[in-house]
Every structure is written in structure tokens, then in C-alpha cells.
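In our numbering, the protein residues as written are 20 to 133.
We treat Cβ as the ideally placed atom computed from N, Cα and C, and that holds for glycine.
Notes follow the structure.
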Amino acid sequence: MTTVTFEKNEHGYISFTCFGHAGYAKKRLGGYEPDILCAAISALTENVVNGLEELAGEQLTVTQNAEDGFLRCEINSTLKEGSILLIDAYALSLKNLSEQYGKKYLTVNFKEVR
Numbered sequence: 020m021t022t023v024t025f026e027k028n029e030h031g032y033i034s035f036t037c038f039g040h041a042g043y044a045k046k047r048l049g050g051y052e053p054d055i056l057c058a059a060i061s062a063l064t065e066n067v068v069n070g071l072e073e074l075a076g077e078q079l080t081v082t083q084n085a086e087d088g089f090l091r092c093e094i095n096s097t098l099k100e101g102s103i104l105l106i107d108a109y110a111l112s113l114k115n116l117s118e119q120y121g122k123k124y125l126t127v128n129f130k131e132v133r
């Protein structure tokens with residue numbers, strides 16, 4: 020299962036963490052089909068990080084380990100309005116995927132921190 024957790028404080032988003040492999044791939048003769056859900060999550064996650072860094076110019080600290088399906092993005096300043104929209108769109112897409120494929124494959128959480 021993949022879990023994505025967004026952390027917010029009184030100023031807005033401060034980080035998000037994506038962890039795990041969805042495990043949606045179906046077994047077939049000779050192996051497994053590609054995991055389309057894991058691929059979608061990965062594409063959305065890479066897209067939001069690239070958009071925040073390259074298009075919006077945000078200062079981020081990104082830690083990742085592809086083998087574990089781990090990516091943590093720490094936001095090092097107050098986000099611009101467009102950047103908030105990017106993260107909101109990312110969260111919405113993930114929530115839609117979770118509803119479509121099931122929470123046993125993808126869970127999206129929001130955590131308030133001080």
C-alpha cells in the first residue's frame with residue numbers, strides 16, 4: 020500500500036511524504052502486469068516536485084529511495100499562491116485515485132503540526 024501524508028501548520032503546507040508500493044499489479048502467467056496505480060502515483064509525485072522547483076521556483080528539500088517507494092518533500096519557505104494550487108491539485112488527484120482503486124492500495128492523510 021502507498022500512503023501519502025501532507026503536513027500543514029498555521030501557514031499552510033510544510034511537507035508531504037509518499038511511502039510504499041501500491042501493490043495493485045495483478046499476477047499473470049509468467050509474472051506480474053505493470054502496476055498502473057503505482058505508476059500513476061509516481062508520475063503525479065514527480066510532477067508536483069518538478070513543478071514546485073522548476074516552474075514555481077520553490078526551495079525544497081527532497082529525500083527519496085525508489086526501492087522503498089519513499090519520497091519526502093520538505094518546503095523551506097512560505098509557498099506562493101500558485102504552488103499551493105499545485106499541491107492542492109496533487110492531493111485531489113491522489114484522493115480520486117484512492118477512491119477509484121481503493122484505500123487498501125492508496126491512503127491519503129492530512130496532518131496538522133505545530
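Among the options, nearest to residue i - alpha-carbon criterion
| i | options | result |
| --- | --- | --- |
| Phe129 | Asp87, Leu113, Thr97, Ile55 | Leu113 |
| Ser61 | Gln119, Gly76, Glu72, Tyr109 | Tyr109 |
| Cys37 | Arg133, Leu125, Glu131, Val132 | Leu125 |
Close Cβ partners of residue i (< 8 Å) along its chain, the five nearest in sequence each way excluded
| i | result |
| --- | --- |
| Val68 | Leu79, Val81, Leu90, Cys92 |
Host beta strand (DSSP E) of residue i (start-end)
| i | result |
| --- | --- |
| Leu63 | No beta strand (DSSP E) contains Leu63, which is instead part of the alpha helix (DSSP H) from 55 to 69. |
| Tyr32 | 31 to 38 |
| Glu26 | 21 to 28 |
| Gly81 | Correcting the residue type first, residue 81 is Val in the shown sequence and not Gly. First-last of the beta strand (DSSP E) with Val81: 79 to 84. |
Opening and closing residue of the alpha helix (DSSP H) in which residue i lies
| i | result |
| --- | --- |
| Ser96 | From DSSP, Ser96 is part of no alpha helix (DSSP H); its letter is neither H nor E. |
Cβ-Cβ separation, residue j to residue i (assumed contact under 8 Å), whole Å
| i | j | result |
| --- | --- | --- |
| Cys57 | His40 | 5 Å |
| Thr21 | Gly88 | 6 Å |
7 Å CB neighbourhood of residue i in its chain, flanking five on each side removed
| i | result |
| --- | --- |
| Leu63 | Tyr109, Ser112, Leu113 |
| Leu98 | Gly31, Tyr32, Glu77 |
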